[in-house]
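Step one of this worksheet: look at the structure below.
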Amino acid sequence: MVMDASAAANQLVLRRNRPGTSAKEFCGWQDEPFEEMDSTLVVQQYIQQLIRKNPSNVELILNMPDGQDEGVWKYEHLRQFCMELNGLAVRLQTQCFPSTCTQMTATEQWIFLCAAHKTPKECPAIDYTRHTLDGAACLLNSNKYFPSRVSIKDSSVLKLGSVCRRVYRIFSHAYFHHRRIFNEFEEETFLCLRFTHFVTKYELMSKDNLIVPISDNALGDIPGESEA
Amino acid sequence: MDGLSINSFFDNEGGDSANGADFLDLDFTYADADTHLNEIAELYSYTEHNEFQLNVKAFEDQMEVYNLKPLWQQLSKEEHQGIILKLMDQLEVLDVNMRMKAARTLLYLAQGCWVEVQSDEEQQKLTRYNVMMLYRLGVFQAFIELLNLEIENAHVANVAIRKIAVSLADSVDLRVILSFLYIITEVMRAEKERIETDDEYKDLVETFIAEISQPMGDELLAVKLLGMITRFCSASAPHFPMKKVLLLLWKVSLVSLGGTDTLKRLKNEYREKVGLSSVTEDTIEVSKTMRASSPPPTVGADENLNQKRSRNFRRVRNVVISEVSLMKQSSLDEQEQLGMELEAQNAENEEDISDYYQQYDDPMNGADRADTTATDGELTKQNSLSNTQPNHPPQHPTLPWQPKVRTKDIYQFLDVSRQKFIGYSLPDNCETTAGLPKPICEGISILKRHLYTSLADVQIKREEEITRNPLTKGEEDVDLNPTEVLYQAILPNLPQYMISLLKILLAAAPTSKAKTESINIMADVLPEDMPMTVTQSTKLGIDVNRHKEIIVKAVSAILLLYLKHFKINHVYQFEFMSQHLVFANCIPLVLKFFNQSIMTYVGSKNIIPIMDFPSCVIGEQPEMTSDMVIGDSEPYSWRNIFSCINLLRILNKLTKWKNSRIMMLVVFKSAPILKRTLKVRQCLMQLYVLKLLKMQTKYLGRQWRKTNMKIISAIYGKVRHHLNDDWAFGNDLDARPWDFQAEECTLRTCVDRFNNRRYYSQISNAIRFPDQNVNHNQNNVNTNNENGVFNGTESEYNLNNIINNASFGDINCIDDNFELTNEFKKNYEMWLKEEVYCSEENAIDWEAILKEPSKILINEIKNSIHYTTYFMKCP
Chain P
1 MVMDASAAAN
11 QLVLRRNRPG
21 TSAKEFCGWQ
31 DEPFEEMDST
41 LVVQQYIQQL
51 IRKNPSNVEL
61 ILNMPDGQDE
71 GVWKYEHLRQ
81 FCMELNGLAV
91 RLQTQCFPST
101 CTQMTATEQW
111 IFLCAAHKTP
121 KECPAIDYTR
131 HTLDGAACLL
141 NSNKYFPSRV
151 SIKDSSVLKL
161 GSVCRRVYRI
171 FSHAYFHHRR
181 IFNEFEEETF
191 LCLRFTHFVT
201 KYELMSKDNL
211 IVPISDNALG
221 DIPGESEA
Chain Z
1 MDGLSINSFF
11 DNEGGDSANG
21 ADFLDLDFTY
31 ADADTHLNEI
41 AELYSYTEHN
51 EFQLNVKAFE
61 DQMEVYNLKP
71 LWQQLSKEEH
81 QGIILKLMDQ
91 LEVLDVNMRM
101 KAARTLLYLA
111 QGCWVEVQSD
121 EEQQKLTRYN
131 VMMLYRLGVF
141 QAFIELLNLE
151 IENAHVANVA
161 IRKIAVSLAD
171 SVDLRVILSF
181 LYIITEVMRA
191 EKERIETDDE
201 YKDLVETFIA
211 EISQPMGDEL
221 LAVKLLGMIT
231 RFCSASAPHF
241 PMKKVLLLLW
251 KVSLVSLGGT
261 DTLKRLKNEY
271 REKVGLSSVT
281 EDTIEVSKTM
291 RASSPPPTVG
301 ADENLNQKRS
311 RNFRRVRNVV
321 ISEVSLMKQS
331 SLDEQEQLGM
341 ELEAQNAENE
351 EDISDYYQQY
361 DDPMNGADRA
371 DTTATDGELT
381 KQNSLSNTQP
391 NHPPQHPTLP
401 WQPKVRTKDI
411 YQFLDVSRQK
421 FIGYSLPDNC
431 ETTAGLPKPI
441 CEGISILKRH
451 LYTSLADVQI
461 KREEEITRNP
471 LTKGEEDVDL
481 NPTEVLYQAI
491 LPNLPQYMIS
501 LLKILLAAAP
511 TSKAKTESIN
521 IMADVLPEDM
531 PMTVTQSTKL
541 GIDVNRHKEI
551 IVKAVSAILL
561 LYLKHFKINH
571 VYQFEFMSQH
581 LVFANCIPLV
591 LKFFNQSIMT
601 YVGSKNIIPI
611 MDFPSCVIGE
621 QPEMTSDMVI
631 GDSEPYSWRN
641 IFSCINLLRI
651 LNKLTKWKNS
661 RIMMLVVFKS
671 APILKRTLKV
681 RQCLMQLYVL
691 KLLKMQTKYL
701 GRQWRKTNMK
711 IISAIYGKVR
721 HHLNDDWAFG
731 NDLDARPWDF
741 QAEECTLRTC
751 VDRFNNRRYY
761 SQISNAIRFP
771 DQNVNHNQNN
781 VNTNNENGVF
791 NGTESEYNLN
801 NIINNASFGD
811 INCIDDNFEL
821 TNEFKKNYEM
831 WLKEEVYCSE
841 ENAIDWEAIL
851 KEPSKILINE
861 IKNSIHYTTY
871 FMKCP
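One line per chain: the protein sequences are P and Z, in this order.
Quick note, the first sequence lines up with residues 1 to 228 if you use full-length UniProt numbering.
Quick note, the second sequence lines up with residues 1 to 875 if you use full-length UniProt numbering.
Shown next, in the form of structure tokens:
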């Protein structure tokens, strides 16, 4: 009887964050193997589970399960990146103001236009960040290009490249102008590391454009503070 | 002409020098577009020649930055990708020079890295490879964004507006962007055509078609380009390079909607869907089996030439015949392919020729036959392609077309016969033949055998049903095919677009005078510095003419393509567009276009082959000398015949079965103009001219018919007949002049009802299509677009537009038919006070009526009630 009950309990794991769940217990349910996930959002669920387990294990997180559609895999990862990048954006808001960072720059060499507008504009860095993340969210959630999260049209997969290029500039701006925030964030999430691996793996960006230095122990070596 | 050797069949004086050539059938094949090579070459003006070097320079500089040798072909595929991705990053930087440098480098790649290649073929191969890679990496989309940026570049526009002479220099950046987009589109079009045999890039082509058929961001690419054209015509952006915009619009539409083959397939598909048989005859195919008629004698301007010819005509006829027979040997091969017996051919051929000329000796012969054979039941056996049945008596070569009968014709015929034989009419009954004599019954059965129901008939009938039963029949699923998407997108501004396109057509017509034009379409051909030497100015002269010709070609192709697609998609979409074309004076404009020395136009040589891309950049470049060859070896100009045919087809589409518009052809004296056009010995073109003449023959009067019997015979021999249509001599009852206005109005009502029901009904049934408030609308579109990306789905966007229309277009909300009474006009302030300002508490003072029950007051109250309800309906 006891055995049965525990088996039944096992079956009945509800992976849900009820109102009032404390931060400690947030998403505190047990892992489920990818094969057993049966919702329509399996890929997202699987990716998030891996990240929760160990965000620094970039290789594992990016390792596509067998038989998985590559378009969907890329799409879900990019979705996840954009979601997590909001965390960086929130932190940046405490330090990056339109008056101080008037333009979206990384190194002084290139200033970028904000492509979220019909006519691309010269937005301050923080606005660029917000607009780009909004624009990306809008695109990735658009019914027209991504009506399904189970299969994705080739034409829509082609759109992911430009999102990556634009989103990456947020990393590079944070790195070159708000190093402390960047480092704090990166230590927690390893997001830039993961992103860099992602775009390199799927050839979504040219290596030369990945200007934020990344190596496995790079994060420890970088000096703590370098304010813009 | 400064010693330039002119490789010309006809010289510039018209057909004079080419008497011999006049007897040649032009070996012209109509298609959706010219060869890929020519279509690419036409993108560039000769004055843009220097800019090619800038592209290489940009590429070399860029490669230096990357520490690579400027040799594209030696790099690996991964390196190619890396470079393109880097360049794309650079496309989004703030510094315009950096941006344009990347754009130029990408353009150079799309142009096929021509510095590294030795031949045209190599260049094309490389272009194909590069274009596919560029598209896969999303560069097309990136350039669209760049185009958005450049369209809104207020600085450049302001500079251009203030300038007296806008030149090439004002549109440098725009031209780079448009050229790039055009090359991608054109390569995709060529790829689409050979997809059957080579499907290496099938997926990419399909992705491309899907992408340009849907709004990008918030706007369809075609609509964006149409918007550019409208802005150019409203003089707020005189620097827009119209030729490139038009060419891109044409190609984008062609790739997205599909060409002749798609049209044919769709037509049959749609016909099948509504239970009609598919159409087997194809005008272009049938016309290939025809032979051009010899030019009509004695027409206006070419009096001398023709007199000379007609004097000589009889004398040299034998010679001519033998010449023609020799000529015909070549076309035999063609006919052989149609699977005909060669022997029968020969006999047939000879007979045919003598018969052909016999017609001109004895024109009445042909016309008589028209009467006898037209009612002859034998016609049914005749099939378009079997018009040379070997066992058929040579005296009776068959007609190329199956005759057709409309349902309306059967009713008419029955009605007339019943009136005549039994003295009463049975409206809406075409079944019973009771009381009618046998010959009449036979007639009816023949008519029925040739009954042809067009897709339009079915669509109109369905629309009528929906109007009658809006609740039960009103539901319908509108298939969002590319045509439907396009129509919905251009609907709010369609009148403006049509006017703009026609304005450009007018400005580009060879007969228009440069000075009288309000718009200057030469901005993207004239260099900043005017030519110094005679050679240079000759070159510029050719360039300018070539530029105009290409514009005419693009505009005519766009209009025809849209008309054809709208027609099969829904006839009222077609009618909406064509009505606006007619309102914008398209008919006289096209006639004006043909009122020129047509032989000169068709034979024009505005081309310098060695200046064409890619010849002008591959290999050693010869010095610009005076012994350059102008013109190619072709006896005619492909693009000009193509434009002529397109324009004639547009005219046909506009006027077919529309008496009011046919009357316009008569009023604008089209007959002599069209007659002159017949001089071009090209079957398809002649066929469309003859069709136009046929529909107006009965209005032209006896005298005209008498002097133009040859044309009448040609019409008989070449144009499709409707069995009981007495096109040449009849007095059509429904062609009375007083009906014309009504006809146009009825049509308009139907079209409005259709548009309202299908496109505006969710918002308010009171909104008419925004004819007058387009300016508001334009502004609204702009303000809407400010929050562009975040604007959600397309339907939401349309909704916004329509709501804006509604709020701005309150004048349009009021039904035209509603007349305000004088009393109301006088006392509307009181009405406002009582009915609008103080509403609920003292709604209507009913007591007032009882106090003073005068008729006027009652009327007024009636009005006010009507108005209150009316305004409550409006949003």
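Positions of the beta carbon are idealized from the N, C-alpha and C atoms, including for glycine.
C-beta contact flag for residue i and residue j at 8 Å
i: P:C101; j: P:A136; result: no
i: Z:I568; j: Z:L266; result: yes
i: Z:L137; j: Z:L85; result: yes
i: Z:L126; j: Z:V117; result: yes
i: Z:H722; j: Z:P403; result: yes
i: Z:D89; j: P:R180; result: no
i: Z:Q686; j: Z:L678; result: yes
i: Z:Y129; j: Z:F208; result: no
i: Z:L447; j: Z:D409; result: yes
i: Z:V93; j: P:I170; result: no
i: Z:L486; j: Z:L147; result: no
i: Z:I712; j: Z:S500; result: no
i: Z:A154; j: Z:S236; result: no
i: P:V212; j: P:M205; result: no
i: Z:W114; j: Z:P609; result: no
Local Cβ density within 10 Å of residue i, reported as buried at 16 or more and exposed below that
i: Z:F421; result: exposed
i: Z:Y424; result: exposed
i: Z:A489; result: buried
i: Z:D428; result: exposed
i: Z:L109; result: buried
i: residue 235 of chain P; result: Limits of chain P in this structure are 1 at one end and 228 at the other, which puts residue 235 of chain P out of reach.
i: Z:T483; result: buried
i: P:F97; result: exposed
i: Z:H580; result: buried
i: P:T21; result: exposed
Cross-strand partners of residue i (DSSP beta bridge)
i: P:T105; result: P:I111
i: Z:M216; result: Z:E219
i: Z:K404; result: Z:H722
Whole-angstrom C-beta distance between residue j and residue i, which should lie under 8 Å
i: Z:L247; j: Z:A554; result: 5 Å
i: Z:Y572; j: Z:V751; result: 5 Å
i: Z:C233; j: Z:I504; result: 7 Å
i: Z:L540; j: Z:I673; result: With 8 Å as the limit, Z:L540 and Z:I673 do not qualify as a contact, their Cβ atoms being about 30 Å apart.
i: Z:S556; j: Z:N640; result: That pair is no contact at about 10 Å.
i: P:L133; j: P:N86; result: 6 Å
i: Z:V534; j: Z:R758; result: Contact flag wrong, Cβ pair sits at about 60 Å.
Assigned secondary structure, residue i (DSSP; H/G/I helix, E/B strand, else coil)
i: Z:V56; result: helix
i: Z:L563; result: helix
i: residue 230 of chain P; result: What the structure shows of chain P is the stretch from 1 to 228, and residue 230 of chain P is not part of that stretch, so it cannot be assessed.
i: Z:K658; result: coil
i: P:H178; result: strand
i: Z:L451; result: strand
i: P:I152; result: coil
i: Z:V667; result: helix
i: Z:I284; result: helix
i: Z:I630; result: strand
i: Z:V96; result: helix
i: Z:I715; result: helix
i: P:Y128; result: helix
i: Z:Q124; result: helix
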